[in-house]
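Chemist:
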């Protein structure tokens, strides 16, 4: 006997953090009834294994057995580097009515905290991964959705016994063959089930602070450190707006970072956050696999400083105020357009030359370094660049960046000039081929005619991937960058 089965697949679009749903239907052989009210066994039926944009299984499918018709929702990959996620909070509780697009849960990835939207209308029948759960692997079943409110009660004792990543409908492995002397160290067949999620279960051990979106926003507005509040009154100790209000009135002081001190107090072991772990992994990979070389030049900025003053005076009524960094971003983008060989990346068997110039700007946050992107920076005016940088920097510090806002980019800028650093060398952000390190302004006397006059100079260092950018090409890029900043009127043409 065959029946119509509906499969629903969740996937992400890179220009949004919204999980989108696609639906397909097919005829499938009706499976033997092997599910019970108390134990969930593998469902014997053909299963179409869809994948998201990252190639991970994130199946949501309709099941027919002892349980009513329902959909299973698994944790999807929300970024290319995501392996684990943390369920910060559930916006809905079991039994609640769900409308497509409603906020269902907040998920913390290795890069940001993102809203997980309800994929379809129905009722939340069962939450299988409670709020506060850390290191949840991709593909883990997180909740059950049913169409009818009357079906919610049927899932009261529902449990997920299937290993993560294994097909929910995969048949059980065949019985073992008769005992025989096996060959030495035989490889396991590809169909063998994985030995469970062997991902390290080490958590941040207090390094992460869980709070409601409202509490995070209020803390940012009031300049309060959420870590200073300690355990909140919300689910699993999450901080609520009420906790924040009490702490604000009490004048809570910022605490020290959670750490494990040594017995003699000589040192303390600080937990490694998910973001810090990703930063360490990527930068180590960059230095080990990319042959860096460095070029340095001093750029005279007197004309930029004068032009900036004139433009800011004209922009007063609009409430905009340009920074030197805005001119640096614009010059970086135009130099990359003039020297397209530098606006490229190494792809092992070929070099990819990009037709757009998207500038990644390093932003330091409490969670680590993020590189939000100013897209099409070569085509944007200085005011638009200024607005983009302000918006992206604020979102980065609040942990609200969406994947498409920091993944990608064709060239990067890291600016430490505000700390008085004259010059430094930055590590390339793979798969990009170069990164510009910007130091502080310095003043020196230069000879003009028969007299010495003060001049403002900016020291910059370009780190290049020698597989893509030869020394002469890197020099041409810096030459174009220097010319643009020393004759800034050309950037406005």
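In the working numbering, the protein residues as written are 1233 to 1725.
Idealized CB from N, CA, C, for every residue including glycine.
Since we're looking at a predicted model, the values are computed, not measured.
Over what stretch of residues does the alpha helix (DSSP H) that includes residue 1667 continue unbroken?
Modeler: Mapped onto the chain shown, residue 1667 falls at position 435. Unbroken run through residue 1667 is the beta strand (DSSP E), 1666-1680; no alpha helix (DSSP H).
Chemist: Can you tell me the Cβ-Cβ gap for residue 1673 and residue 1706, rounded? I've got them flagged as a contact below 8 Å.
Modeler: One-based indexing of the chain shown puts residue 1673 at position 441. One-based indexing of the chain shown puts residue 1706 at position 474. Their Cβ separation, rounded to whole angstroms, is 23 Å, which puts residue 1673 and residue 1706 out of contact at 8 Å.
Chemist: Is DSSP giving residue 1302 helix, strand or coil here?
Modeler: Walking along the chain shown from the start, residue 1302 turns up at place 70. Looking at residue 1302 - three-state DSSP - the assignment turns out to be strand.
Chemist: Please go through the same chain and pick out, in chain order, the residues whose beta-carbon is closer than 6 Å to the beta-carbon of residue 1528, but skip the five residues on each side of it.
Modeler: Here residue 1528 corresponds to residue number 296 of the chain shown, with the count starting at 1. These residues qualify, in order along the chain: 1693.
Chemist: Just verifying my parser: in three-state terms, what is the DSSP assignment at residue 1357?
Modeler: Within the chain shown, residue 1357 is the residue found at index 125, counting from 1. Strand at residue 1357.
Chemist: Does DSSP put residue 1656 in a helix, a strand or coil?
Modeler: Counting from 1 along the chain shown, the entry for residue 1656 is found at position 424. The answer is coil: DSSP assigns residue 1656 none of H, G, I, E or B.
Chemist: Does the beta-carbon of residue 1728 have 16 or more other beta-carbons within 10 angstroms, so that it is buried, or is it exposed?
Modeler: One cannot answer for residue 1728 here, as it falls past the ends of the chain, which runs 1233 to 1725.
Chemist: If contacts are defined as beta-carbon pairs under 8 Å, then residue 1712 and residue 1695 qualify, I think. What distance do you get, rounded to the angstrom?
Modeler: Position 480 of the chain shown, counted from the first residue, corresponds to residue 1712. Position 463 of the chain shown, counted from the first residue, corresponds to residue 1695. Actually they are not in contact, since the Cβ atoms of residue 1712 and residue 1695 sit about 17 Å apart, beyond 8 Å.
Chemist: Should the segment 1630-1650 be called in touch with the segment 1589-1596, which here means at least 3 C-beta pairs below 8 Å?
Modeler: A contact exists between the segment 1630-1650 and the segment 1589-1596.
Chemist: Under a Cβ-count criterion, where at least 16 other Cβ atoms within 10 Å of its own Cβ denotes burial, should residue 1686 be classed as buried or exposed?
Modeler: Stepping through the chain shown from its first residue, residue 1686 is reached at position 454. The residue in question, residue 1686, is exposed, as its Cβ has fewer than 16 Cβ neighbours within 10 Å.
Chemist: Under the three-state reduction of DSSP, which class applies to residue 1501: helix, strand or coil?
Modeler: Here residue 1501 is taken as the residue at index 269 of the chain shown, counted from 1. It is a strand residue.
Chemist: Would you kindly report the start and end of the unbroken alpha helix (DSSP H) that includes residue 1635?
Modeler: Numbered from its first residue, the chain shown carries residue 1635 at position 403. Start and end: 1635-1638.
Chemist: List the endpoints of the continuous alpha helix (DSSP H) containing residue 1713.
Modeler: Locating residue 1713 in the chain shown gives position 481, counting from the first residue. Start and end: 1703-1718.
Chemist: Residues in its own chain within less than 6 Å of residue 1362 by CB, not counting five upstream and five downstream?
Modeler: Numbered from its first residue, the chain shown carries residue 1362 at position 130. Excluding positions up to five away in sequence, the list is empty.
Chemist: Given 6 Å as the limit, tell me if residue 1375 has its C-beta closer than that to any heavy atom belonging to the ligand COA.
Modeler: The ligand COA is not part of the structure shown, which contains no ligands of any sort.
Chemist: Would residue 1579 be called buried (16 or more neighbouring beta carbons within 10 Å of its own) or exposed?
Modeler: Position 347 of the chain shown holds residue 1579. So residue 1579 ends up on the exposed side.
Chemist: Could you tell me which whole alpha helix (DSSP H) segments of length 4 or greater appear in the segment 1599-1633?
Modeler: As far as the segment 1599-1633 is concerned, its whole alpha helix (DSSP H) runs of at least 4 residues are 1614-1629.
Chemist: Are the CB atoms of residue 1386 and residue 1308 nearer to each other than 7 Å?
Modeler: What you label residue 1386 is simply residue 154 of the chain shown in a count that begins at 1. What you label residue 1308 is simply residue 76 of the chain shown in a count that begins at 1. Contact flag unset, no.
Chemist: I need the boundaries of the alpha helix (DSSP H) containing residue 1541, first residue and last residue.
Modeler: Start at 1 with the first residue of the chain shown, and residue 1541 comes out as number 309. 1534-1546 is the extent of the alpha helix (DSSP H) around residue 1541.
Chemist: Give me, in chain order, the residues of the same chain whose beta-carbon lies closer than 7 Å to that of residue 1715; leave out the 5 immediate sequence neighbours on both sides.
Modeler: Position 483 of the chain shown, counted from the start, is the residue given in the question as residue 1715. There are no such residues.
Chemist: Comparing the C-beta of residue 1701 with each C-beta of chain C, is any distance below 7 Å?
Modeler: The chain inventory of the structure shown lacks chain C, comprising one protein chain alone.
Chemist: Please classify residue 1348: does DSSP put it in a helix, a strand, or coil?
Modeler: If you number the chain shown from 1, residue 1348 lands on position 116. Residue 1348 falls in the strand class under three-state DSSP.
Chemist: For residue 1572, name the three-state secondary structure that DSSP assigns.
Modeler: Taking the first residue of the chain shown as 1, we reach residue 1572 at position 340. Helix.
Chemist: Quick check on residue 1311: does DSSP put it in helix, strand or coil?
Modeler: For this step, residue 1311 is matched to residue 79 along the chain shown. The answer is coil: DSSP assigns residue 1311 none of H, G, I, E or B.
Chemist: Contact check, residue 1671 vs residue 1660 under 8 Å by CB: the rounded distance?
Modeler: Translated into positions along the chain shown, residue 1671 becomes position 439. Translated into positions along the chain shown, residue 1660 becomes position 428. About 18 Å; that fails the 8 Å criterion.
Chemist: Would you call the segment 1619-1633 and the segment 1520-1538 touching, i.e. three or more CB-CB distances under 8 Å?
Modeler: Segments in contact, no.
Chemist: Is the separation between the beta-carbon of residue 1576 and that of residue 1665 shorter than 7 Å?
Modeler: Numbered from 1 along the chain shown, position 344 holds the residue referred to as residue 1576. Numbered from 1 along the chain shown, position 433 holds the residue referred to as residue 1665. A contact, by the Cβ cut-off of 7 Å.
Chemist: Between the alpha carbons of residue 1380 and residue 1332, how many angstroms are there, rounded?
Modeler: Along the chain shown, one-based indexing puts residue 1380 at 148. Along the chain shown, one-based indexing puts residue 1332 at 100. About 15 Å.
Chemist: If you check the beta carbons only, do residue 1602 and residue 1628 fall under 7 Å apart?
Modeler: Working through the chain shown from its first residue, we reach residue 1602 at position 370. Working through the chain shown from its first residue, we reach residue 1628 at position 396. Result yes, Cβ atoms of residue 1602 and residue 1628 sit closer than 7 Å.
Chemist: Under 6 Å Cβ to Cβ from residue 1383, same chain only, skipping five residues before and after it: list those, please.
Modeler: Position 151 of the chain shown holds residue 1383. Counting only Cβ-Cβ distances below 6 Å, and skipping sequence neighbours, we find 1300.
Chemist: Taking 6 Å as the limit between beta carbons, can you name the residues of its chain near residue 1663, skipping five residues before and five after?
Modeler: The residue you call residue 1663 lines up with position 431 of the chain shown. Only 1577 meet the Cβ criterion.
Chemist: Can you tell me where the beta strand (DSSP E) holding residue 1643 begins and where it ends?
Modeler: The residue given as residue 1643 occupies position 411 in the chain shown. Note, residue 1643: beta strand (DSSP E), 1643-1647.
Chemist: When we look at the beta-carbon of residue 1342 and count the other beta-carbons within 10 Å, is it buried (16 or more) or exposed?
Modeler: Numbered from its first residue, the chain shown carries residue 1342 at position 110. With 16 or more other Cβ atoms within 10 Å, it is buried.
Chemist: What distance in whole Å lies between the Cβ atoms of residue 1327 and residue 1356, which are believed to be in contact at a cut-off of 8 Å?
Modeler: What you label residue 1356 is simply residue 124 of the chain shown in a count that begins at 1. What you label residue 1327 is simply residue 95 of the chain shown in a count that begins at 1. With a Cβ gap of about 7 Å, residue 1356 and residue 1327 count as contacting.
Chemist: Is DSSP giving residue 1378 helix, strand or coil here?
Modeler: Position 146 of the chain shown holds residue 1378. DSSP places residue 1378 in strand when its eight states are reduced to three.
Chemist: How would you label residue 1724, buried or exposed, when you count the other beta carbons within 10 angstroms and need 16 or more for buried?
Modeler: Translated into the one-based positions of the chain shown, residue 1724 becomes position 492. Exposed, because fewer than 16 other Cβ atoms sit within 10 Å of the Cβ of residue 1724.
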